[in-house]
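J.: Residue 184 is where the sequence shown ends in this note's numbering, and the numbering goes up by one at each step.
The beta carbon of each residue, even a glycine, is placed where N, CA and C say it ideally should be.
Have a look at this one.
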Amino acid sequence: MIASIWAIRYQTKIRGAVMAKRSKAQTELTIKQILDEALQQVLSIGYESMSYTTLSEATGISRTGISHHFPRKLEFLIRLDADIVGLFIHELDFSTPAALEGSWMKALKNHRFCAILRLFFSLCGYSGKDTSLFKAIDIARDKAISSLGLKGEGVFNDLLGRSAVVLLSRDYGIEVEAA
């Protein structure tokens, strides 16, 4: 009986599948590697196309290993939010309403900027409460308001709406002028 309890308790050792202990530094490097690749995939193939399989293939880390650190796909966005905010804000000039509009229109030619907008629009239809943690658009809107007042908010909202039309038209192969 004692032998069978021991066997159950230590069955991984009996089968030879003993997991090596990883240091905290190794774990942090693994998480960073996963997050770096997740950001790359969100910006290149999109959040919808990113999967545990695509991340595993790109990093060489098993899907189980990735899901150990990120049990839900949405957790990638939560952890990457600050990076995404930085990439989005970096493209915009909040000095005047015209500068904001000009920088936004220029940024619409940037694949990463468009990927962030697509991510925002895809999350708009998601009912999960965690999507409110995606702050790139909210922070940019707040910056427009703090820099340019209500006029800035109006310009920002107009640009966001125009961007939706531009991105949808691109998806369907229709040429629409962004201006």
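Using the Cα positions of Gly-166 and Ile-121, report the straight-line distance between them to the nearest angstrom.
T.: Cα to Cα, Gly-166 sits roughly 14 Å from Ile-121.
J.: Measure the beta-carbon distance from Glu-158 to Ala-149 and round it to whole angstroms, keeping in mind my assumption that it falls under 8 Å.
T.: Right, the Cβ-Cβ distance comes to about 6 Å (below 8 Å), so this counts as a contact.
J.: State the DSSP-derived secondary structure class of Ile-39, mapped to helix, strand or coil.
T.: Of the three classes helix, strand and coil, the one that applies to Ile-39 here is helix, per DSSP.
J.: Can you tell me whether Thr-101 is helix, strand or coil according to DSSP?
T.: Correct three-state label for Thr-101: coil.
J.: Within this structure, are the beta carbons of Phe-93 and Ala-145 separated by less than 8 Å?
T.: Cβ distance < 8 Å, so Phe-93 and Ala-145 count as in contact.
J.: For Ile-126, which three-state DSSP category applies?
T.: According to the sequence shown, residue 126 is Phe rather than Ile. Looking at Phe-126 - three-state DSSP - the assignment turns out to be helix.
J.: Measuring CB to CB, does Ile-39 end up less than 8 Å from Ile-89?
T.: No. Outside cutoff.
J.: Contact between the region 30 to 45 and the region 107 to 116: three or more CB pairs below 8 Å?
T.: Touching, no, given that fewer than three Cβ pairs across the two stretches are closer than 8 Å.
J.: Buried or exposed: Ala-112, going by 16 or more other Cβ atoms within 10 Å of its Cβ?
T.: Flag for Ala-112 reads buried.
J.: How many angstroms separate the CA atom of Ala-32 from the CA atom of His-73?
T.: For clarity, residue 32 is Thr in the given sequence; the question names Ala instead. Approximately 11 Å between the Cα atoms of the pair.
J.: Going by alpha carbons, who is nearest to Ile-142 out of Gly-178, Ala-63, His-95 and Ile-36?
T.: The shortest C-alpha separation from Ile-142 is found at His-95.
J.: On the three-state DSSP scale, how would you describe Asn-115?
T.: In this structure, Asn-115 counts as coil in the three-state DSSP scheme.
J.: According to DSSP, is Tyr-57 helix, strand or coil?
T.: Reduced to three states, the DSSP call for Tyr-57 is helix.
J.: Roughly how far, in whole angstroms, is the beta-carbon of Leu-105 from the beta-carbon of Leu-153, given that I think they are within contact range, below 8 Å?
T.: Correct: roughly 7 Å between the Cβ atoms.
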